[in-house]
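Chain order of the listed sequences is A and B. Numbered according to the working numbering, the first sequence spans residues 2 to 253. Numbered according to the working numbering, the second sequence spans residues 18 to 193. Just so it is clear, CB atoms sit at the ideal spot from N, CA and C, and this is done for glycine as well. Below is one structure, written out as structure tokens; the observations come after it.
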Amino acid sequence: MAQQLPLLTYLLRRGDDNLILGQRLGEWCGHGPQLEEDIALANRALDVIGQARNYLQYAGEVEGKQRTEDDLAFLRPEREFVNCKLVEQHNGDYAHTMVRSFLYDAWHLPLQKALTKSSDERIAAIAGKAVKEISYHLRASSDWVIRFGDGTAESKERAQNALNALWTYTGELFVQDEVDQALIKAGVAPDMAKIKAEFDRTMDRVLAEATLERPADAYMATGGRQGVHSEHMGLLLAEMQYLQRAYPGAEW
Amino acid sequence: MRVDAAIDLTMTSKITSPTREGIYALLENVKDPEVPVISVRELGVLRDVAVVDGNVFVTITPTYTGCPAMDVMREDIEKELQNAGITRFKVTQVLAPAWTTDWITEEGKAKLLAYGIAPPQKTADIRALKGEAPIVPCPQCGSKDTAMISLFGSTACKALWKCNACLEPFDQFKCL
Numbered sequence: 002m003a004q005q006l007p008l009l010t011y012l013l014r015r016g017d018d019n020l021i022l023g024q025r026l027g028e029w030c031g032h033g034p035q036l037e038e039d040i041a042l043a044n045r046a047l048d049v050i051g052q053a054r055n056y057l058q059y060a061g062e063v064e065g066k067q068r069t070e071d072d073l074a075f076l077r078p079e080r081e082f083v084n085c086k087l088v089e090q091h092n093g094d095y096a097h098t099m100v101r102s103f104l105y106d107a108w109h110l111p112l113q114k115a116l117t118k119s120s121d122e123r124i125a126a127i128a129g130k131a132v133k134e135i136s137y138h139l140r141a142s143s144d145w146v147i148r149f150g151d152g153t154a155e156s157k158e159r160a161q162n163a164l165n166a167l168w169t170y171t172g173e174l175f176v177q178d179e180v181d182q183a184l185i186k187a188g189v190a191p192d193m194a195k196i197k198a199e200f201d202r203t204m205d206r207v208l209a210e211a212t213l214e215r216p217a218d219a220y221m222a223t224g225g226r227q228g229v230h231s232e233h234m235g236l237l238l239a240e241m242q243y244l245q246r247a248y249p250g251a252e253w
Numbered sequence: 018m019r020v021d022a023a024i025d026l027t028m029t030s031k032i033t034s035p036t037r038e039g040i041y042a043l044l045e046n047v048k049d050p051e052v053p054v055i056s057v058r059e060l061g062v063l064r065d066v067a068v069v070d071g072n073v074f075v076t077i078t079p080t081y082t083g084c085p086a087m088d089v090m091r092e093d094i095e096k097e098l099q100n101a102g103i104t105r106f107k108v109t110q111v112l113a114p115a116w117t118t119d120w121i122t123e124e125g126k127a128k129l130l131a132y133g134i135a136p137p138q139k140t141a142d143i144r145a146l147k148g149e150a151p152i153v154p155c156p157q158c159g160s161k162d163t164a165m166i167s168l169f170g171s172t173a174c175k176a177l178w179k180c181n182a183c184l185e186p187f188d189q190f191k192c193l
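Written as structure tokens, this is what we have:
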């Protein structure tokens, strides 16, 4: 049972990453630069929210306090969210949104791939489905990064600016704290060093084709995993949770 | 034929002692709400039916993790069972093994094509393995001169394509 608390935190992290990214992508709905992209963003949002639902459902069961995935999504305060800071960053322009997704997908795909071999069968099953969806996500976000980078002077500048601005949030993706250590030991979670190697390969391959420069690793922003978020998170939650806060228990 | 005889005919759909085959046949009536020509069995969502001591156990698996049609399909299966007079049943959702478009039956693929949706290619397609773009013939005119517009389409399971020959846009069931 000593393993239950790390497992719960791990599940919340996986769920929250996807949930918050899904909320950000959903903000584009009706505002996409063209109809096809508007639909594509909503589709991506749907996939990651579905993955969030699976992880948070499991988290609720492990917690054992009768909380559903909806309770966890809509009724937790900011400090209890343990998503990485990358996903809560604002959408910015389309290059910013796509670079954010590209960085996330390039980390998320190898992570979920590794989780298909988790000793926890439920996690392995969730990851087995997620991997198929994220493969499409990485393909689509890579295509856009290449198109922007190897495009016009302006699209290249915007993509490079986005990359420079978001790079500081990539370090947190590979941090291994005591939660990860406990689960690595139990064979539930993978060693992040292997995930980092695949992330680096994707960066090198795609950024070279995009003629974009990989930013140097400098100060890396962390804290999201401990519930200490950037200033964007409060506003995001205010919008996401408004309905359930104003009308508790509302259903459609 | 008298009118009440006709009514009797419709009443025969009540199942008094369920069998595995009988339930499978019944659930042919449950279609994908977003592609209403293809049944949950043809789609590969219906994974198993078991009948134990008169209790019916139905196992389904989601196509895409976040697909909103899944909840509808589950409710439709439950309604279909209830309408057939079956009271003791349980519909269970499993995630593993993960759904693949290879589970869409051949008749299902033919129905998709007739409905105007290009069916998925095999996941083991040699072109896909080599990272090349798949050849997706236009469901309208059959031309192979087609191009992908977007990896994502009108629902989670589809991509958007266009035909360069007849100039029609069309949906393709993504290979998963």
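Residue environment analysis places Trp168(A) among the buried positions, since at least 16 neighbouring C-beta atoms fall within 10 angstroms of its C-beta.
CA-to-CA, the gap between Pro154(B) and Leu177(B) works out to about 13 Å. When C-beta distances to chain A are compared with 8 Å, every residue of the segment 94–108 of chain B stays at or above that value.
Excluding five sequence positions before and after Lys139(B), the CB atoms of its chain that fall closer than 7 Å to its own CB belong to Asp119, given in chain order. For Val57(B), the enclosing alpha helix (DSSP H) covers residues Val57 to Leu60. The shortest C-alpha to C-alpha distance from His109(A) to any of Asp218(A), Gly228(A) and Lys195(A) is the one to Lys195(A). The beta carbon of Ile166(B) sits closer than 8 Å to some beta carbon of chain A.
Between Leu22(A) and Val88(A), the C-beta spacing is below 8 Å.
From the listed residues Pro53(B), Arg58(B), Ile77(B) and Val62(B), the smallest Cα separation to Tyr41(B) is found for Arg58(B). Burial is judged here by how many other beta carbons sit within 10 angstroms of a residue's own beta carbon; Glu92(B) has fewer than 16 and is exposed. The C-alpha of Asn181(B) is placed about 5 Å away from the C-alpha of Thr163(B).
Using a C-beta cut-off of 8 Å, the segment 76–86 of chain A makes contact with the segment 160–178 of chain A, since at least three inter-stretch Cβ pairs fall below that distance.
For Gln182(A), the enclosing alpha helix (DSSP H) begins and ends at Glu179 to Lys186. Here Tyr81(B) has Ala173 and Cys174 as same chain residues with Cβ atoms under 7 Å from its own Cβ, once five neighbours each way along the sequence are excluded.
Sequence-distant partners of Thr223(A) (beyond 5 residues in either direction) whose C-beta falls short of 8 Å from its own C-beta, in its chain, are Lys86, Gly172, Glu173 and Val176. Under DSSP, Gln110(B) forms a beta bridge with Ile77(B). Within its own chain, the residues whose Cβ lies closer than 7 Å to the Cβ of Phe200(A), once the five positions on either side in sequence are excluded, are Ala107, Trp108 and Pro111, listed in chain order. Counting along the chain, Met165(B) sits inside the beta strand (DSSP E) bounded by residues Thr163 to Ser167. The C-beta distance from Pro50(B) to Ala86(B) rounds to 5 Å, short enough to fall under 8 Å.
For Trp29(A), the secondary structure class from DSSP, reduced to helix, strand or coil, is coil. By the criterion of a C-beta distance shorter than 6 Å, Ala183(A) is surrounded in its chain by Pro7, once the five residues flanking it on both sides are discounted. Not flagged as an interface residue toward chain A: Leu60(B), since no C-beta distance is shorter than 8 Å. Leu112(B) belongs to the set of residues whose beta carbon lies under 8 Å from a beta carbon in chain A. Considering only beta carbons, the part of the segment 32–44 of chain A lying closer than 7 Å to chain B consists of Glu37, Ile40, Ala41 and Asn44, in chain order. What Leu193(B) touches in chain A, judged by beta-carbon distance under 7 Å, is Lys133, going in chain order. A straight-line Cα-Cα distance of about 43 Å links Thr76(B) and Arg148(A). DSSP places Lys114(A) in no beta strand (DSSP E) but in the uninterrupted alpha helix (DSSP H) bounded by Tyr95 to Leu116. In its chain, beyond the 5 residues on either side, Ala176, Leu177 and Asp188 have a beta carbon closer than 6 Å to the beta carbon of Gly170(B). Glu81(A) and Leu73(A) have their C-alpha atoms some 9 Å from each other. Using a 10 angstroms sphere on the CB of Gly129(A), the tally of other CB atoms reaches 16 or more, which defines it as buried. Of all residues in the segment 54–84 of chain B, only Pro79, Tyr81, Thr82, Gly83 and Cys84 place a beta-carbon less than 8 Å from a beta-carbon of chain A.
In its chain, beyond the 5 residues on either side, Asp39 and Leu42 have a beta carbon closer than 7 Å to the beta carbon of Gly33(A). Apart from the 5 residues on each side of it in sequence, His233(A) sits with its Cβ closer than 7 Å to the Cβ of Glu89, Gln90 and His91 in its chain, given in chain order. Non-local C-beta neighbours of Ile127(A) in its own chain, meaning closer than 6 Å and more than five positions away in sequence, comprise Asn55, ordered along the chain.
Within the DSSP bridge table, the entry for Trp178(B) names Met165(B) and Phe187(B) as partners.
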